[in-house]
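J.: Numbering (our numbering), first residue to last: 2 to 156.
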């Protein structure tokens, strides 16, 4: 398709009108699939290995996402690298390391505060300096109950 330079404003206007006409009433917000509500106590190395039987995971077969409700942070979240948030989640006596890649672009550690949060995550094993531990890779985080902290920020 070619558009003459002098007709770009006209094209832009027609394109915007057509878009409005075709998208009326359609939800354009991204959706987040959650396979299961879980307790952190259910997350184990055995459970992680079981999940690997459902792989390989990738574009056509994303790994399962889990929702853990009413989770507290064991301490303040911290920024690691340039824009990742790292934290320890706690539910009862169970703790789980968590990381939100690029989350610091959208929510500050202070915004998480000290109250309860709900988290959507995928379970992974992380090996660092010869030590393997479970890690929650965050997909979303919000204060316990709506709205999502990530929804309230510009992306």
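The beta carbon of each residue, even a glycine, is placed where N, CA and C say it ideally should be.
Small disclaimer: the values here were computed from a predicted structure and weren't measured.
Can you check which of these residues, 73, 131 and 137, is closest to residue 123 by C-alpha distance?
T.: Residue 137 is the option with its Cα nearest to residue 123.
J.: Could you check which residue in 7, 31 and 48 has the C-alpha nearest to that of residue 39?
T.: It is 48 whose Cα lies nearest to the Cα of residue 39.
J.: Tell me whether residue 140 is buried or exposed, calling it buried when 16 or more other Cβ atoms sit within 10 Å of its Cβ.
T.: It counts as buried.
J.: What beta strand (DSSP E) runs, 3 residues minimum, are completely inside the segment 16-53?
T.: 37-39, all fully within the segment 16-53.
J.: Could you check how far apart the C-beta atoms of residue 121 and residue 33 are, in whole angstroms? I think they sit under 8 Å.
T.: With a Cβ gap of about 6 Å, residue 121 and residue 33 count as contacting.
J.: Could you tell me the alpha carbon to alpha carbon distance between residue 37 and residue 86, rounded to whole angstroms?
T.: Spanning the two alpha carbons is a distance of roughly 23 Å.
J.: Give the list of continuous alpha helix (DSSP H) stretches no shorter than 4 residues that lie fully inside the segment 87-138.
T.: List check, alpha helix (DSSP H) in window: 110-113.
J.: Is residue 41 closer than 8 Å to residue 72 when the C-beta atoms are compared?
T.: In this structure, residue 41 lies closer than 8 Å to residue 72 by Cβ.
J.: With which residues is residue 79 paired in a DSSP beta bridge?
T.: Its beta-bridge partners are 87.
J.: Assign residue 70 to one of three DSSP states: helix, strand, or coil.
T.: Looking at residue 70 - three-state DSSP - the assignment turns out to be strand.
J.: Roughly how many angstroms lie between the CA atoms of residue 83 and residue 15, to the nearest whole one?
T.: Residue 83 and residue 15: Cα-Cα distance of roughly 41 Å.
J.: Nearest by alpha-carbon distance to residue 97: which of 126, 30, 61 and 52 is it?
T.: Measuring from the Cα of residue 97, the nearest candidate turns out to be 126.
J.: Can you name, in chain order, every residue of its own chain whose Cβ lies under 6 Å from the Cβ of residue 74, other than the five neighbours on each side?
T.: Excluding sequence neighbours, residue 74 sits near 88.
J.: Do you know how far the Cα of residue 132 is from the Cα of residue 57?
T.: Straight-line Cα distance between these residues: approximately 24 Å.
J.: For residue 145, tell me which candidate among 9, 118, 22 and 95 has the shortest Cα-Cα distance.
T.: The shortest C-alpha separation from residue 145 is found at 118.
J.: Beta carbon of residue 52: closer than 7 Å to some heavy atom of the ligand ATP?
T.: This structure lacks the ligand ATP, and indeed carries no ligand of any kind.
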